[in-house]
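With my numbering, the residue at position 102 of the sequence shown is 102, and numbering never jumps. By construction, the Cβ of each residue, glycine as well, lies at the ideal position given by its N, Cα and C atoms. Bear in mind the structure is a predicted one, so any value in this text is a computation, not a measurement. Everything on this sheet refers to the single structure shown next.
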Amino acid sequence: MEIGSILLEQGLINTDQLASAQTPHPLSDDELLAHLVANGTVDKFKAMETLAREAGVEFIDLNEASVDLDLLKDFPQKIIYRQILFPIRKQGNTVFVATSEPLNFYPLDEIGAATGMMVEPVLAEKAEIAKLIKTHLGVGGETIEGLIKQKIEESGIELLEELELDGSELSELAQEASVVRLVNEILLEAIETRTSDVHIESQKDAIVIRYRIDGILHTQPVPPEINHFRSAIVSRLKIMAKLNIAEKRLPQDGRIKLRFKGRDVDVRVSVIPMIHGESLVMRILDKGSMVFDLENLGMAAETRRQFSELIRMPHGIILVTGPTGSGKTTTLYSSLIEINEPSTKIITTEDPVEYQLEGINQIQVHHKIGLTFGHSLRSILRHDPDVVLVGEIRDLETAENAIQASLTGHLVFSTLHTNDAAGAFTRMSDMGVEPFLVASTVEAVMAQRLVRRLCDCKKAVKLSEADVPTDFPADNLASATIYEPVGCRECRNVGYRGRLGVYELLVVDDTLRQLAHDRVSTWEIKKAAINGGMKTLRDDGWAKVLMGHTSIDEILRITKGDRV
Numbered sequence: 001m002e003i004g005s006i007l008l009e010q011g012l013i014n015t016d017q018l019a020s021a022q023t024p025h026p027l028s029d030d031e032l033l034a035h036l037v038a039n040g041t042v043d044k045f046k047a048m049e050t051l052a053r054e055a056g057v058e059f060i061d062l063n064e065a066s067v068d069l070d071l072l073k074d075f076p077q078k079i080i081y082r083q084i085l086f087p088i089r090k091q092g093n094t095v096f097v098a099t100s101e102p103l104n105f106y107p108l109d110e111i112g113a114a115t116g117m118m119v120e121p122v123l124a125e126k127a128e129i130a131k132l133i134k135t136h137l138g139v140g141g142e143t144i145e146g147l148i149k150q151k152i153e154e155s156g157i158e159l160l161e162e163l164e165l166d167g168s169e170l171s172e173l174a175q176e177a178s179v180v181r182l183v184n185e186i187l188l189e190a191i192e193t194r195t196s197d198v199h200i201e202s203q204k205d206a207i208v209i210r211y212r213i214d215g216i217l218h219t220q221p222v223p224p225e226i227n228h229f230r231s232a233i234v235s236r237l238k239i240m241a242k243l244n245i246a247e248k249r250l251p252q253d254g255r256i257k258l259r260f261k262g263r264d265v266d267v268r269v270s271v272i273p274m275i276h277g278e279s280l281v282m283r284i285l286d287k288g289s290m291v292f293d294l295e296n297l298g299m300a301a302e303t304r305r306q307f308s309e310l311i312r313m314p315h316g317i318i319l320v321t322g323p324t325g326s327g328k329t330t331t332l333y334s335s336l337i338e339i340n341e342p343s344t345k346i347i348t349t350e351d352p353v354e355y356q357l358e359g360i361n362q363i364q365v366h367h368k369i370g371l372t373f374g375h376s377l378r379s380i381l382r383h384d385p386d387v388v389l390v391g392e393i394r395d396l397e398t399a400e401n402a403i404q405a406s407l408t409g410h411l412v413f414s415t416l417h418t419n420d421a422a423g424a425f426t427r428m429s430d431m432g433v434e435p436f437l438v439a440s441t442v443e444a445v446m447a448q449r450l451v452r453r454l455c456d457c458k459k460a461v462k463l464s465e466a467d468v469p470t471d472f473p474a475d476n477l478a479s480a481t482i483y484e485p486v487g488c489r490e491c492r493n494v495g496y497r498g499r500l501g502v503y504e505l506l507v508v509d510d511t512l513r514q515l516a517h518d519r520v521s522t523w524e525i526k527k528a529a530i531n532g533g534m535k536t537l538r539d540d541g542w543a544k545v546l547m548g549h550t551s552i553d554e555i556l557r558i559t560k561g562d563r564v
């Protein structure tokens, strides 16, 4: 359609903008439009309406349109995948088909010949058509049909390590072009949708693929034919992660290193045998999209000020607690980066090293050769550090070495798996650490969770006291504006986009040290901390609701009420 010429002729862009977009190399029509929209040069919908008018066809927004899915049973999926088009509605013997190339008559004639119907094109955005195809026909469908014969490197996923093949029949099957393409597409879709974990689960009669996005699992539609490729998919991923594809009785863990659009992506792979076959979970660490900055984690101003002072203390232990996936590593890395200076030596011991930090010395734990947290921590102290990060305090040896490091003048950061900040004291005592050592070395405990952030499409609602939980700060209801999720194109109709932290910072004072020394219950420590001014996870969550960052339902999902 020569989009550049049409937009220029209609006055939506000028010659300089067109020339700039085509430098240093010419772009295709789709690339040019995407570039102009991304730069804010043109409004996407205005541009699409202009193009539709020039082509003499209707423009349709697929996010708002009503699509007759019954038409799919009469349409050859091969054409849909190959030409990237989708049937929308039918009037009499005429079917309206969404396409990004309404003047390309060959695929329209092909559909007419295959269905025996008249075909009328409507203009739609190519990316939205592709999303519709994946939603209703499944990710990887075009690979199942064996339609796209592109080279492996053209899929957008680049492996950074050589594969090790054993020449077996299973290994050869996993290397077939269709299987490689399918696995790459699963990874590509996960990275583009900001997925943190991909679950590939073997059920009795099917394979289920689920993506965890912003902490919530979403089932990914897949074509039923994918079930024939179940073993090949798992084998391909095991080969990429350098695992033993012949071993199907024992759990295995590995790592895949990828590059996607110039960004390095690490994928941690865990394979566990289930009764219907092997199930696989991939944790995706998109290094290029991560920014470690305490300012952007969502801490309240007072919490941020206190925590900033704590991480600059000369010695002691600072613990960050919470379940897996609550953002503990992000908080610790952000803390290290904030205090990292040429005059400060920082050494970490982690399992695994998730992100490589500039100017910080990081050790990868290897349990098989005896390099545990405890063993590496003893060696770290002979390297003259100022600050030490221990990935997790899991046992008595690591806890005792962390305490020894703090007593000898080092600032120690670490994590614990506890439900709240007060539980850290009893957790360490239960490991066997003397309570007086815990009381004298732990300076602060930060408990945290991640809640989903409301998308900009959120709507304001007026609530009464009867509509909110009993512990909600009802005094603010009259003047506060509470928001609820809606759903739009940007958030994939979920209502939430991204996450932010809720925090509970317990700063240890003399009263709390005495309670920890006396080995009182977690409940007593928490009660004393609240009386001393500590804001709980629930308190911080309600504050973020009142600020319009998240919803009441999210806080109820993530936190418990405080009964002290």
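When you compare each of 343, 433 and 530 to residue 562 by their alpha carbons, which one comes out closest?
Measuring from the Cα of residue 562, the nearest candidate turns out to be 530.
How is residue 73 classed by DSSP in three states: helix, strand or coil?
Correct three-state label for residue 73: helix.
Please classify residue 66: is it buried, with 16 or more other beta-carbons within 10 angstroms of its beta-carbon, or exposed?
Under the 10 Å beta carbon count, residue 66 is surrounded by fewer than 16 other beta carbons and is classified as exposed.
Please go through the same chain and pick out, in chain order, the residues whose beta-carbon is closer than 6 Å to the beta-carbon of residue 3, but skip the five residues on each side of it.
29, 32 and 33
State yes or no: is the C-beta of residue 454 within less than 8 Å of the C-beta of residue 485?
yes
When the Cα atoms are used, what is the spatial distance from residue 570 to residue 203?
Outside the shown range of the chain, which is 1 to 564, sits residue 570, and nothing can be said about it.
Ordered along the chain, which non-local residues of its own chain (more than five positions away) have a Cβ less than 6 Å from that of residue 298?
500 and 501
For the alpha helix (DSSP H) containing residue 527, list its first residue and its last residue.
Annotation for residue 527: the continuous alpha helix (DSSP H) segment containing it runs 522 to 531.
Cβ shell of residue 206 (< 6 Å), same chain only, five flanking positions each side left out
227
Say whether the stretch 385 to 404 touches the stretch 489 to 498, bearing in mind that this needs 3 or more beta-carbon pairs closer than 8 Å, one atom from each stretch.
Touching, no, given that fewer than three Cβ pairs across the two stretches are closer than 8 Å.
By how many angstroms is the C-alpha of residue 432 removed from the C-alpha of residue 397?
9 Å
Where residue 384 and residue 342 are concerned, what is the direct C-alpha to C-alpha distance, given to the nearest angstrom?
Distance between the alpha carbons of residue 384 and residue 342 is about 14 Å.
On the three-state DSSP scale, how would you describe residue 408?
Three-state result, residue 408: coil.
Checking the sheet assignment: what are the DSSP bridge partners for residue 364?
350
Could you check which residue in 38, 48 and 35 has the C-alpha nearest to that of residue 588?
A question about residue 588 goes unanswered here, because the residues of the chain that appear run from 1 up to 564.
Residue from 426, 22 and 242 whose Cα sits closest to the Cα of residue 445
Each of 426, 22 and 242 was checked against the Cα of residue 445, and the nearest Cα belongs to 426.
When you compare each of 300, 285 and 269 to residue 565 by their alpha carbons, which one comes out closest?
Outside the shown range of the chain (1 to 564) lies residue 565, about which nothing can therefore be said.
Rounded to the nearest angstrom, what separates residue 463 and residue 553 at their Cα positions?
13 Å
Whose C-beta lies closer than 6 Å to the C-beta of residue 406 among residues of the same chain, with five residues either side of it excluded?
315, 316, 317, 412 and 441
Start-end ranges of the beta strand (DSSP E) lying completely within the stretch 260 to 319, minimum 3 residues
263 to 274 and 277 to 286
Close Cβ partners of residue 329 (< 7 Å) along its chain, the five nearest in sequence each way excluded
The answer, listed in chain order, is 354.
Start-to-end residues for the alpha helix (DSSP H) that takes in residue 87
Element bounds for residue 87: not the alpha helix (DSSP H) but the beta strand (DSSP E), 86 to 91.
Since residue 540 is in the alpha helix (DSSP H), which residue starts that stretch and which ends it?
Its alpha helix (DSSP H) spans residues 537 to 546.
Determine the closest residue to residue 303 out of 447, 350 and 488, with distance taken between C-alpha atoms.
Of 447, 350 and 488, the residue nearest in Cα terms is 447.
Sequence-distant residues of its chain with Cβ nearer than 7 Å to residue 248 (five each side left out)
273 and 278
At what residue ranges does the stretch 45 to 69 contain a whole run of the beta strand (DSSP E), taking only runs of 3 or more?
none
Keeping to the same chain, check which residues put their C-beta closer than 6 Å to that of residue 75; ignore five residues upstream and five downstream.
87
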